Structures are given as structure tokens and as C-alpha cells.
Amino acid sequence: MTLFPSRKIRTLQDVVAWRLCCGCGACAYAMPEGSVHLVNFEDVGIRPCFINNHTPDIENLSYCPGYRIADTNLAPKITRGDHEFGVALEIWEGHASDAEIRYRASSGGILSALALYCLENEGMKLVVHTAMDEKQPWLNRTVISRTRTEILARTGSRYSPSSPCEGLKWIEESDGPCVFIGRPCDVAAVSALRRHRPQLDKKLGLVLTFFCAGTPSTLGTLELLKRLGASIPAVQSIRYRATAGREISMYTSAMHLRINPSLREMLGQLNSVSAPALQTLPGRFGTPGRHILWRCMAKARPQ
Ligand SMILES: Cc1cc2nc3c(=O)[nH]c(=O)nc-3n(C[C@H](O)[C@H](O)[C@H](O)COP(=O)(O)OP(=O)(O)OC[C@H]3O[C@@H](n4cnc5c(N)ncnc54)[C@H](O)[C@@H]3O)c2cc1C
Ligand code: SF4
Numbered sequence: 547m548t549l550f551p552s553r554k555i556r557t558l559q560d561v562v563a564w565r566l567c568c569g570c571g572a573c574a575y576a577m578p579e580g581s582v583h584l585v586n587f588e589d590v591g592i593r594p595c596f597i598n599n600h601t602p603d604i605e606n607l608s609y610c611p612g613y614r615i616a617d618t619n620l621a622p623k624i625t626r627g628d629h630e631f632g633v634a635l636e637i638w639e640g641h642a643s644d645a646e647i648r649y650r651a652s653s654g655g656i657l658s659a660l661a662l663y664c665l666e667n668e669g670m671k672l673v674v675h676t677a678m679d680e681k682q683p684w685l686n687r688t689v690i691s692r693t694r695t696e697i698l699a700r701t702g703s704r705y706s707p708s709s710p711c712e713g714l715k716w717i718e719e720s721d722g723p724c725v726f727i728g729r730p731c732d733v734a735a736v737s738a739l740r741r742h743r744p745q746l747d748k749k750l751g752l753v754l755t756f757f758c759a760g761t762p763s764t765l766g767t768l769e770l771l772k773r774l775g776a777s778i779p780a781v782q783s784i785r786y787r788a789t790a791g792r793e794i795s796m797y798t799s800a801m802h803l804r805i806n807p808s809l810r811e812m813l814g815q816l817n818s819v820s821a822p823a824l825q826t827l828p829g830r831f832g833t834p835g836r837h838i839l840w841r842c843m844a845k846a847r848p849q
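The following block contains the structure:
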């Protein structure tokens, strides 16, 4: 019996067929307009569909995180922040000092606070990230935020499929530096793409990511709604985590630390600032969330 097909991965379609695609959307950005549609398969996730079966061959796969990501595992330790999770410049613990952001955010608001700081104080033009789809709240969409109001409205983790790399074109076409927020797999694609796209590289002012153990499919959200007795067409809004860091989510860092050996990939080790949730400890339940802020080595970036 053959467990795995012997066929090698030659095209992006093969990446999808081998179930290695994470739905980042980088191929929709990188390939000619109209040649890729991103489709959300309810029980799988967001996947690219290639028009006329035209998919790039292996030579053009270097940016696809389903095919390959840069290996930082072998990098020698050079800073005090380096340890078994991988190379890091510095590791800090903290939270947003803006009370409203901290209250509304997923687990401390560092991502939203840093993004807003870049807009208000660093002259950055926009933030490309992920938000609830207002028309179908059980789905996400890739959005641009330019104001505090927009950033505030889009705080919080969405444990459902997202494809923020499809929005890289907005960054590339902007008239100044921008912020990108995505999962570690999205950031791996960004890191690879910027090496060959000087215009994108120039416009990426700050790349932010978070600890991520994976994205459940839309079916997970729909099942949850069903169990809660919600009528799906009547649902107006979905938040996966409560405000002020109180969470009902099944995710805990400790659980993932035990079950997933690939922490470096989960943390987003590729030239980014990563903000995993510091889970509320027993006895501190209900206190606003805090963070470990992980500043990764810039050496993955092209010189
Ligand atoms: C799918 C998923 C799995 C995660 N798994 C873990 C885990 O196992 N352990 C752990 O410690 N932390 C996990 N996190 C990270 C954690 O939930 C927080 O996102 C992180 O700590 C940042 O918190 P914050 O308060 O700074 O974010 P906020 O200030 O609330 O900002 C959240 C940002 O994340 C973006 N975002 C939300 N959902 C998505 C999405 N699906 N894809 C891309 N961007 C998104 C939003 O656009 C927003 O900009 C996960 C997050 C996600 C989305
Ligand atoms: S680039 Fe992203 S969306 Fe496209 S095939 Fe690879 S992992 Fe999937």
C-alpha cells in the first residue's frame, strides 16, 4: 500500500492537492490579475482556484509557504534573546497602554497599538489586515485600515480562514510605507516575496504577526453557532474572544507547546514582530490580557 503519492510537487495546484496550502493568498497577489480566484471551502479553508488550470511551476513557488519556508532552525544563537524557540533580537512582556485598545483587543492589544502608532506617528499610510465580513460575519475579509476607528473595529483574533497576502497589492501601490498583519505563514510568504519585489519591500514599513497554531475552517464557526442555538442568517457579529482578555477560546499556549514541535514556524520567525497571547493564568482570569512581544532577527531580510 502506498501512503503518499510518489508524484513530486511541481505546481501550486500540487501544493493544494497535497493539502499543504494555508490559504495565505500570496499566489493571488503574485500571479497575473484574474488568473487566481481565492475560494473559501467551508470544511477546508481558503484555497486558490487557478483559471484554465494555469498554475506556476516549481521555479515560481519560492514564495509559497505551503511549499517552502526559510529554515531559521540552524541559525546560531547570537543575541541574549535567542533560545530554543529560535533567533530573536529581544523578548518583552507588555500590553497596549491605550485602555480602549487593550479592552477590545484579543489579548493585550500590542498588534493594534503598534499598527496605530505607525499610522499616527511614523507616517505610515495604511494597515493591511483581517476583519469580520459585515455581510456574513462567519467569514473574514482582507481590509485596509487608515484610522483609529477602523483599527479599533478590527481588533481581536478571528479563528477562521483569512488570506491577508491578497492585500499586498494595496501596500505595493501605496504612496508610502505600510503595516502588514498576518499569521506566521502569511508573514513567511511576505518575507519571500519582498526579496524579489523591491517595490513591495520598500513599502513594507512594519510586518506584524502572532503565535498561531492554525486556522479552523468556517465549518468550525458554523458548528459553534449551531451549538449555541444561533440562527445563522440572523447573526450580526461574531467575536471569537471576549473583551478585556477574557476568553472562551479553546486555545491555550500551554496546550500547543505540548503538541506542536514546530514552534519556530508558529511564532513567525521571519523578520517580524510577533505577539503571542500570554494566556490568563488561573486566579488572574478576567484581568486584561498581556503579551510576549517577540522581535525577530532582521537577518532574514534581503540586504
Ligand atoms: C487563527 C489564530 C490562531 C492563534 N493561535 C494562538 C495560539 O495557539 N496561542 C497563542 O498564544 N496565540 C494564538 N493566536 C494569537 C492571539 O490570539 C492574538 O492574536 C495575539 O496574541 C495578538 O493579540 P493582540 O491583542 O495584540 O491583537 P489585536 O490587537 O486584537 O489585533 C489582532 C490582529 O490580528 C488580525 N487577525 C485576526 N484574525 C486573524 C486571522 N485569522 N488571520 C490573520 N490576521 C488576523 C486582526 O486583523 C488584527 O489586526 C492565534 C491567533 C489566530 C488569528
Ligand atoms: S501561495 Fe498561499 S494560497 Fe497560494 S498555494 Fe501557496 S499557501 Fe496556498
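All residue numbers for the sequence shown refer to our numbering, where the first residue is 547 and numbers rise by one. Just so it is clear, CB atoms sit at the ideal spot from N, CA and C, and this is done for glycine as well. Since this is a predicted model, take the numbers as computed values, not measurements.
**OP:** Note the first and the last residue of the continuous alpha helix (DSSP H) segment covering Gly766.
**Re:** Position 220 of the sequence shown holds residue 766. Looking at the DSSP string, the run of the alpha helix (DSSP H) that includes Gly766 is Thr764 to Arg773.
Subject >> Through-space distance from Arg743 to Gly751, alpha-carbon basis >> reply: Looking up residue 751 in the sequence shown gives position 205. Looking up residue 743 in the sequence shown gives position 197. Looking at the two C-alpha atoms, the distance is approximately 14 Å.
Original post:
The alpha helix (DSSP H) with Val674 in it runs from where to where?
Top reply: By one-based count along the sequence shown, residue 674 stands at place 128. Unbroken run through Val674 is the beta strand (DSSP E), Val673 to Met678; no alpha helix (DSSP H).
**OP:** Compute the minimum distance between the beta carbon of Cys664 and the heavy atoms of ligand 4, and state whether it is under 7 Å.
**Re:** Of the ligands this structure carries, namely ligand 1 and ligand 2, none is ligand 4.
Subject >> Cross-strand partners of Cys711 (DSSP beta bridge) >> reply: Counting from one through the sequence shown, the residue named residue 711 turns up at place 165. Per DSSP, none; premise fails for Cys711.
Original post:
According to the Cβ coordinates, are Gly669 and Gly722 closer than 8 Å?
Top reply: Taking the first residue of the sequence shown as position 1, residue 669 is located at position 123. Taking the first residue of the sequence shown as position 1, residue 722 is located at position 176. Cβ atoms of Gly669 and Gly722: closer than 8 Å.
Subject >> Span separating the alpha-carbon of Cys570 from that of Thr761 >> reply: Stepping through the sequence shown from its first residue, residue 570 is reached at position 24. Stepping through the sequence shown from its first residue, residue 761 is reached at position 215. Approximately 11 Å between the Cα atoms of the pair.
**OP:** Consider the C-beta atom of Thr767 and the heavy atoms of ligand 1; say whether any pair is separated by less than 7 Å.
**Re:** For the purposes of this step, residue 767 is taken as residue 221 along the sequence shown, with counting starting at 1. Flag unset: Cβ of Thr767 not near ligand 1.
Subject >> Supposed contact pair Val673 and Pro710 - C-beta distance, whole angstroms, cut 8 Å >> reply: To locate residue 710, count along the sequence shown from 1; it is residue 164. To locate residue 673, count along the sequence shown from 1; it is residue 127. In fact, because the Cβ distance is near 10 Å, the residues do not count as touching under 8 Å.
Subject >> Contact test: Pro611 Cβ vs ligand 2 heavy atom, cutoff 7 Å >> reply: Your numbering for residue 611 matches position 65 in the sequence shown. Yes - ligand 2 has a heavy atom lying nearer than 7 Å to the Cβ of Pro611.
**OP:** Can you check DSSP and say which residues form a bridge with Pro594?
**Re:** In the sequence shown, counting from the first residue as 1, residue 594 sits at position 48. Paired residue(s): Leu584.
Original post:
Going by the CB atoms, is the gap between Val561 and Ser763 shorter than 8 Å?
Top reply: The sequence position of residue 763 within the sequence shown is 217, counting from 1. The sequence position of residue 561 within the sequence shown is 15, counting from 1. No, the pair does not count as a contact, with Cβ atoms beyond the cut-off.
Subject >> Environment of Pro848 [buried if 16+ CB atoms lie within 10 Å] >> reply: Walking along the sequence shown from the start, residue 848 turns up at place 302. Model confidence at Pro848 stands at a pLDDT of 31, short of 50, so the residue's coordinates are unreliable; what they give is reported in the following sentence. Its Cβ having fewer than 16 others within 10 Å, Pro848 is exposed.
Subject >> Environment of Val725 [buried if 16+ CB atoms lie within 10 Å] >> reply: Taking the sequence shown and counting its residues from 1, one reaches residue 725 at position 179. Classification for Val725: buried.
**OP:** Please work out which residues of its chain come closer than 8 Å, Cβ to Cβ, to Ile866, disregarding the five sequence neighbours upstream and downstream, and give them in chain order.
**Re:** The requested residue 866 does not occur in the structure, where the chain is confined to residues 547 to 849.
Subject >> Test item: CB-CB of Leu558 and Pro594 under 8 Å >> reply: For the purposes of this step, residue 558 is identified with residue 12 of the sequence shown, where counting begins at 1. For the purposes of this step, residue 594 is identified with residue 48 of the sequence shown, where counting begins at 1. Yes; because the gap between Cβ atoms is below 8 Å, this pair is in contact.
Original post:
Is Cys556 helix, strand or coil by DSSP?
Top reply: As a working mapping, residue 556 is identified with position 10 in the sequence shown. Reading the sequence as shown, one finds Arg at residue 556 and not Cys. It is coil, neither helix nor strand.
**OP:** Have a look at the DSSP bridge pairing and note the partners of Gly751.
**Re:** Position 205 of the sequence shown holds residue 751. Note: Gly751 sits in no beta bridge, so no partner.
**OP:** Would you mind reading off the limits of the beta strand (DSSP E) that contains Ile727?
**Re:** Counting from one through the sequence shown, the residue named residue 727 turns up at place 181. First-last of the beta strand (DSSP E) with Ile727: Cys724 to Ile727.
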